[in-house]
Amino acid sequence: MNYPQIEHHGAKDGVTGSCHQLRMNAANSLLIDCGLFQGNDASIPGEPGADRLNIEFPLDTIKALVATHVHIDHVGRIPYLLAAGFDGPILCSEPSAKLLPIVLEDAFKLGFSRDRAKIEQYIQLVEQRVIALPYKHWFTLTDTDELVARIRLQRAGHILGSAYVEIDLAYPKTGQSKRVVFSGDFGAPHAPFLMPPESPERADILVLESTYGDRLHEDRQNRRKRLEAVIEQALEDQGTVLIPAFSIGRTQELLYELEEIIHTRLNDASAPVGASSLANKNYPGTDHANWPELPIILDSPLASRFTEAYRSLKPFWNQEAHDRIQSGRRPLAFEQLITIDSHSDHQRIVNHLAQTARPAIVIAGGGMCSGGRIVNYLKAMLGDKRHNVLFVGYQAKGTRGHAIQSYGSKGGYVDLDGERIDIRAGITSIGGYSAHADQKGLVEFVTGMQQWPSEIRVVHGEQGAKRALADNLEARYVEGEKKLKIMR
């Protein structure tokens with residue numbers, strides 16, 4: 044049997060549940076990610092409601108797990124992997140090593156137990172397994188007469204700590220060697236906080252994500268203008284902008300951008316100044332809020348924990364973010380930011396915003412609207428045309444977010460906790476805030492290599508996105524007179 048071989052245990056025919064096994068030889072394999080299935084991906088075709096949490100592949104040859112980053116669709120099945128008997132190390136970047144226990148604690152609570160003693164025992168086990176790898180440094184997995192395998196993590200620009208994985212394989216007895224690269228989730232350029240990703244020098248085999256393989260994103264300047272326009276509309280309508288946000292990555296980038304917008308407005312001579320009254324959660328709700336006084340409400344305890352962790356990871360921020368800090372600004376702790384922790388405060392804010400004419404921006408947990416605190420806001424406000432729902436992230440098919448995004452502008456409805464809600468609020472999507480690279484970025488990741496891969500496996504995308512990206516790559520290879528085996 045020829046090696047290496049790759050088996051896909053998730054995200055081969057969908058967008059979520061990333062999990063790939065690299066068989067390096069008969070006795071040694073490596074697992075890259077072990078993520079949760081979401082939306083329609085959570086059910087096996089032909090088997091409605093099928094449980095896709097169980098680990099149904101053998102673990103006997105798996106020597107290590109590599110976590111490319113800590114989003115739940117890449118690491119959410121790790122508790123089940125450990126329960127199935129995996130006892131190897133978990134390799135990840137240094138920032139991910141700090142963030143991963145927070146994610147897995149939440150996953151453990153949802154899937155196993157809320158008992159504090161059991162949670163602490165489990166997190167201690169996870170932390171003992173984690174090996175934090177510096178970017179750009181080779182780490183030896185195995186070194187024998189049969190196989191020499193090394194791994195290196197490079198910045199992927201998706202979220203803080205995200206990495207693509209280079210795996211160098213050498214077979215001393217045959218003199219053969221292969222370089223295999225897994226993109227993980229590859230990021231868009233110029234993302235807040237993040238240093239831009241660079242293409243690897245080479246790859247023989249590339250496993251490439253394709254979430255937005257069929258489209259191009261707005262640039263950062265344009266997306267900011269659109270964000271401002273949505274909020275201006277909210278100010279005019281005396282309504283709330285609801286932003287369903289993933290707890291890590293998107294939330295922190297939004298706060299960073301909102302701080303910049305407010306900072307600019309505060310320095311505008313025509314803008315009123317002062318927002319100190321908003322620092323208290325019990326802010327008044329009867330007056331008209333202008334830009335500098337607009338409350339930015341972060342209503343997600345998990346997102347708050349990640350935001351605090353982001354602040355502690357300043358050494359990994361890019362130069363732009365460091366410049367803001369040095370100028371005295373606080374991009375993740377500005378004055379207008381109100382953090383909601385307790386459930387009672389959450390319920391009070393929902394009722395307050397639904398009943399009063401007070402413009403606000405709410406970033407609430409539940410990125411695809413299938414759970415989390417965003418659902419209560421949607422139940423209270425989705426039927427009111429004063430409000431707006433702003434999607435800044437991917438909405439998987441089968442999720443409530445996808446339904447709202449697809450049918451909201453057509454006068455549709457959505458079922459929330461068994462209640463039919465007619466969609467009267469404005470629905471807006473800004474693709475430029477995606478943490479994923481678009482088609483152009485993905486193609487440039489490939490063509491930026493000195494040695495283009497001869498085999499590409501396109502994964503982590505819907506069929507149309509995978510097909511469009513594969514077609515574009517094939518055309519580029521024809522132009523470059525290079526051979527390509529592509530699997531989609």
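Numbering (the numbering used here), first residue to last: 44 to 531.
Virtual Cβ for every residue (Gly too), placed ideally from N, Cα, C.
Since we're looking at a predicted model, the values are computed, not measured.
Taking the runs of the beta strand (DSSP E) that are 3 residues or longer, which of them lie wholly in the segment 44-76? Whole beta strand (DSSP E) segments, 3+ residues: 48-53, 62-66, 72-75.
Look up F434 in the DSSP assignment and give the residues it is bridged to. S472.
Which of helix, strand or coil does DSSP assign to D247? DSSP places D247 outside both helix and strand once states are collapsed to three, so it counts as coil.
Extent of the continuous beta strand (DSSP E) run through A277: Counting along the chain, A277 falls outside any beta strand (DSSP E), though it belongs to the alpha helix (DSSP H) covering 263-280.
Helix or strand or just coil, what does DSSP make of V113? Annotated three-state conformation of V113 is coil, per DSSP.
Note the first and the last residue of the continuous beta strand (DSSP E) segment covering A127. Per DSSP, A127 belongs to no beta strand (DSSP E) and is neither H nor E.
Member of L147, P138, L176, I133 whose CA lies at the smallest distance from the CA of I75: Among L147, P138, L176, I133, the Cα nearest to that of I75 is on I133.
Who are the near neighbours of W360 in its chain, counting only those whose CB is closer than 6 Å to its CB and skipping five residues on each side? In chain order, F236 place their CB closer than 6 Å to the CB of W360, counting only its own chain and leaving out the 5 sequence neighbours on each side.
Check whether the Cβ atoms of H114 and D228 sit closer than 8 Å, and answer yes or no. In contact: H114 and D228 (Cβ atoms closer than 8 Å).
Suppose contacts are defined by Cβ-Cβ distances below 8 Å. Is R416 in contact with S343 by that definition? Against a cut-off of 8 Å, the Cβ pair of S343 and R416 comes out as a contact.
Residue burial classification, G57 (beta-carbon count within 10 angstroms, cutoff 16): Counting Cβ neighbours within 10 Å, G57 comes out buried, since at least 16 surround it.
Can you give me the Cβ contacts of Y46 inside the same chain, cut-off strictly under 7 Å, excluding the 5 residues immediately before and after it? The residues are R66, M67, N68.
Using 10 angstroms around the beta-carbon of L485, count the other beta-carbons present and answer buried if the total reaches 16, otherwise exposed. With 16 or more other Cβ atoms inside 10 Å of its own Cβ, L485 counts as buried.
8 Å contact criterion, which D186 and R222 should meet: CB distance rounded: Not a contact, Cβ separation roughly 17 Å.
With a floor of 4 residues, list each alpha helix (DSSP H) that falls wholly inside the segment 378-411, ordered by position along the chain. Counting whole runs of 4 or more residues, the segment 378-411 contains the alpha helix (DSSP H) stretches 386-398.
Expected contact under 8 Å - CB spacing of E209 and R195 to nearest Å: With a Cβ gap of about 4 Å, E209 and R195 count as contacting.
Would you check if the distance between the CB atom of Y1 and the CB atom of Q482 is smaller than 8 Å? Residue 1 is absent from the structure shown; the chain starts at 44 and stops at 531.
What separation, rounded to the nearest whole angstrom, lies between the Cα atoms of I473 and P215? One C-alpha to the other measures close to 51 Å.
Among A234, T183, A140, which one has its Cα closest to the Cα of H112? Taking each of A234, T183, A140 in turn and checking the Cα distance to H112, the smallest one comes out for A140.
Let me make sure I understand the geometry here. Which of A480, M411, E505 has the alpha-carbon closest to that of S226? Minimum Cα distance to S226 is reached at A480.
Can you tell which of L433, L298, Y450 has the C-alpha that lies nearest to the C-alpha of P440? A small fix is needed here, since residue 440 is Lys in this sequence, not Pro. Looking at the Cα atoms, Y450 is the closest of the given residues.
With a threshold of 8 Å, are at least 3 pairs of Cβ atoms found where one atom belongs to the segment 165-172 and the other to the segment 143-154? Counting Cβ pairs under 8 Å, three or more are found: they touch.
Could you spell out the range, first to last residue, of the alpha helix (DSSP H) harbouring F225? F225 -> not in any alpha helix (DSSP H); beta strand (DSSP E) instead, spanning 219-225.
For the beta strand (DSSP E) that I133 lies in, which residues bound it at each end? That run of the beta strand (DSSP E) goes 133-136.
Tell me the residue span of the alpha helix (DSSP H) that contains D514. From DSSP, the alpha helix (DSSP H) with D514 extends over 506-522.
Identity of the residue in R531, I98, Q438, S355 nearest A127 by Cα: The candidate whose alpha carbon is nearest that of A127 is I98.
Using 8 Å as the cut-off, can you tell me whether the segment 285-298 makes contact with the segment 401-410, which would need three or more C-beta pairs spanning the two stretches below that distance? These segments touch.
Can you check DSSP and say which residues form a bridge with D188? Listed as beta-bridge partners of D188 by DSSP are no residues whatsoever.
Quick check on L321: buried or exposed, where buried means 16 or more other Cβ atoms within 10 Å of its Cβ? With a pLDDT of 34 at L321, under the threshold of 50, the predicted position of this residue should be treated as unreliable, though the coordinate-derived value follows. Under a 10 Å Cβ-count criterion, L321 is classified as buried, with 16 or more other Cβ atoms of the shown protein chains found around its own Cβ.
Measuring CB atoms only, is the segment 483-502 touching the segment 519-528, in the sense that at least three cross pairs come out at less than 8 Å? With a cut-off of 8 Å, the segment 519-528 and the segment 483-502 count as touching, because enough Cβ pairs lie within range.
In the DSSP output, what is D211 paired with across the bridge? Per DSSP, the beta-bridge partners of D211 are R193, R222.
So Y456 is in the alpha helix (DSSP H); what residue range does that whole segment cover? Looking at the DSSP string, Y456 is not in any alpha helix (DSSP H); the run it does join, the beta strand (DSSP E), is 456-459.
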